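*Asks:* The following block contains the structure, expressed as structure tokens.
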Amino acid sequence: MPKEKIVAGGRAWPSANVLLTVGVVVVAIIVLGGVLLTGGDNQPQGSPTAPNSVLVNKDSHRLTDGGDAVTVVEFLDYQCPACAGYYRNVTADVEKDYGDRITFVVRNFPLDSHPLALPAAQAAEAAGMQDKFAEMYHALYDNYAQWAVTEAGDEISDDEDRARAAFDRFAKDIGLDIERFHTDMASDAVAKRIEADKADAEKAEVTGTPTLFVNGERFTPSGETFGEVRQQFRDRLDAALAQ
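Right, here's the structure in full:
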């Protein structure tokens with residue numbers, strides 16, 4: 001299978017078909033430039049709505065907790081270039097700027113086409129076992145280039161040893177018990193959490209990443225740059241808060 005290329009060209013929303021098709025070279029992300037450029041359809045696929053019982057459960061990870069007024073749910077893949085682009089250009093600022101006015105829920109949907117997506121999800125969930133999920137979530141995206149792409153920075157990496165060494169560094173930086181972290185990464189409890197997220201994603205007809213919902217409605221941007229998508233997402237949140 002050809003490795004995923006990190007190059008320029010295309011649109012701001014990742015095509016689910018492109019992201020899930022084996023053997024397709026995905027045109028992905030310019031991290032520092034603030035623009036995600038992908039080929040294909042710029043619409044996320046699936047039903048426009050999903051019930052809250054599918055999107056959120058009592059132990060879902062919450063980056064912010066603003067009650068029930070506005071709930072954002074993101075299904076993500078930590079190695080997905082589009083997800084990293086959304087983090088850097090859309091969702092990290094939303095988390096900071098909207099804070100406790102919204103509830104921001106993060107759920108796993110690691111794609112088979114990304115070889116390090118599952119280990120990264122295991123790292124995040126293992127950190128959650130020590131009440132450090134948010135810290136590991138941020139570490140994985142803030143340090144994306146250290147584990148998710150090759151050292152040259154032009155392809156998705158499949159070097160699991162390098163990735164796990166990076167996860168250990170992040171774990172130490174955020175104050176985790178490393179032995180417990182390793183045990184939890186390989187545990188049935190972590191595996192079951194990830195599988196439960198994937199099962200709910202399938203019920204919600206999630207087919208690619210990132211897929212975001214605002215109060216149960218799928219966010220479907222029309223912009224071709226992250227600046228446009230960021231504004232559309234904020235407009236959606238502001239409208240929901242005003243209701």
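Numbering (the working numbering), first residue to last: 1 to 243. Note that CB positions come from ideal geometry on N, CA and C, so glycine has one too. The structure displayed is predicted, hence computed values, not measured ones.
Which residue's Cα is closest to the Cα of L176: E217, M136, A242, D68?
*Replies:* Comparing Cα-Cα distances from L176 to each of E217, M136, A242, D68, the minimum goes to M136.
*Asks:* Let me check understanding here. Comparing Cα to Cα, which of A196, V56, A124, M129 lies closest to Q79?
*Replies:* Looking at the Cα atoms, A124 is the closest of the given residues.
*Asks:* Specify whether the stretch 61-80 and the stretch 101-112 touch according to this definition: at least 3 beta carbon pairs, one from each stretch, less than 8 angstroms apart.
*Replies:* Contact holds: three or more Cβ-Cβ distances are below 8 angstroms.
*Asks:* Could you tell me the boundaries of the beta strand (DSSP E) in which F75 lies?
*Replies:* Per DSSP, F75 belongs to the beta strand (DSSP E) from 71-76.
*Asks:* Runs of 3 residues minimum, wholly inside the stretch 83-151: which ones carry the beta strand (DSSP E) assignment?
*Replies:* Within the stretch 83-151, the complete beta strand (DSSP E) runs of at least 3 residues are 103-108.
*Asks:* Determine the closest residue to A171 out of D200, N143, D68, N215, with distance taken between C-alpha atoms.
*Replies:* The candidate whose alpha carbon is nearest that of A171 is N143.
*Asks:* Sorted by chain position, which residues of the same chain lie with C-beta nearer than 6 angstroms to Q122's C-beta, five sequence neighbours on each side aside?
*Replies:* Excluding residues within five positions, the ones whose Cβ falls inside 6 angstroms are M185, V190.
*Asks:* Do Y87 and Y141 have their C-beta atoms within less than 8 angstroms of each other?
*Replies:* The answer is yes: Cβ separation under 8 angstroms.
*Asks:* Looking at the strands, I want to know which residues DSSP matches up with R218.
*Replies:* DSSP output for R218 lists F213 as bridge partner(s).
*Asks:* Would you report the Cα separation of H114 and Q146, rounded to the nearest angstrom?
*Replies:* Cα-Cα distance, rounded: 15 angstroms.
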